[in-house]
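Structure first, commentary second.
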Amino acid sequence: MELKLYYYLPSPSVAKRVEEDTDWSHGHQRVRVKLGQSAGYMGDHFAKLYMNCTSPLSGKSVIGVWANYYGDAADSVPPGKRSHFGEVVAHMLRYVSGGEGQACEEGASLPQGSPVRN
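Residue numbers for the sequence shown follow the working numbering, so the first one is 2 and each next one is one higher.
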């Protein structure tokens, strides 16, 4: 599994970042998802979430977290395991945005659980 963390500085908003996201937009089934104020996509072998972050450490930014399999590994993901990727990125986003990471003001409002279809 590949895990990625991105900081977009400066970035206008989560909505704009999601709108411009074209990764895995062709040839893969993907659905829009949200987790509290974060938004992103999940597909057959990946999940991505973006969240606005206002932090004393980095000012205003958008955090992006991804979890995915690629190449041959992507083809080996069993049907029905899509939610696993959502659980991973939700946990990553809570960790990175919270007190252990960037201490984003928005991080405190992230709910527990996995992203839901938007």
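Yeah, the Cβ is synthetic: ideal placement off N, Cα and C, and Gly gets one too.
What you are looking at is a predicted structure, and each value in this text was computed from that prediction instead of being measured.
Candidates the options: closest to residue i by CA position
i      : options                       : result
ALA16  : ALA40, LYS5 and VAL66         : ALA40
VAL117 : LYS61, ARG31, GLY60 and PRO11 : ARG31
SER62  : TYR42, PRO13, GLU21 and ALA48 : PRO13
SER70  : ASP45, SER56 and THR55        : For the sequence presented, residue 70 should be read as Tyr rather than Ser. Of the listed residues, the one whose Cα sits closest to TYR70 is ASP45.
ARG18  : ILE64, SER59 and LEU58        : ILE64
ASP24  : VAL34, PHE47 and GLU3         : PHE47
GLU20  : LEU10, TYR8, ARG33 and PRO11  : ARG33
SER56  : PRO11, ASN119 and GLN113      : PRO11
8 Å CB neighbourhood of residue i in its chain, flanking five on each side removed
i      : result
GLN38  : VAL15, MET52, ASN53, GLU107, SER110 and LEU111
SER115 : LEU36, SER84, GLY87, GLU88 and ALA91
TYR96  : GLY102
GLU3   : TRP67, ALA68, ASN69, TYR70 and TYR71
Other residues of its chain near residue i: CB distance less than 6 Å, five sequence neighbours each side excluded
i     : result
VAL66 : LEU6, LEU50, VAL90, MET93 and LEU94
Per DSSP, the bridge partner or partners of residue i
i      : result
ALA109 : Paired residues: none, contrary to the question.
LYS5   : TRP67
MET43  : VAL32 and ALA48
VAL117 : LYS35
LYS61  : THR55
Cβ shell of residue i (< 7 Å), same chain only, five flanking positions each side left out
i     : result
LEU58 : GLN103 and ALA104
GLY99 : GLY108
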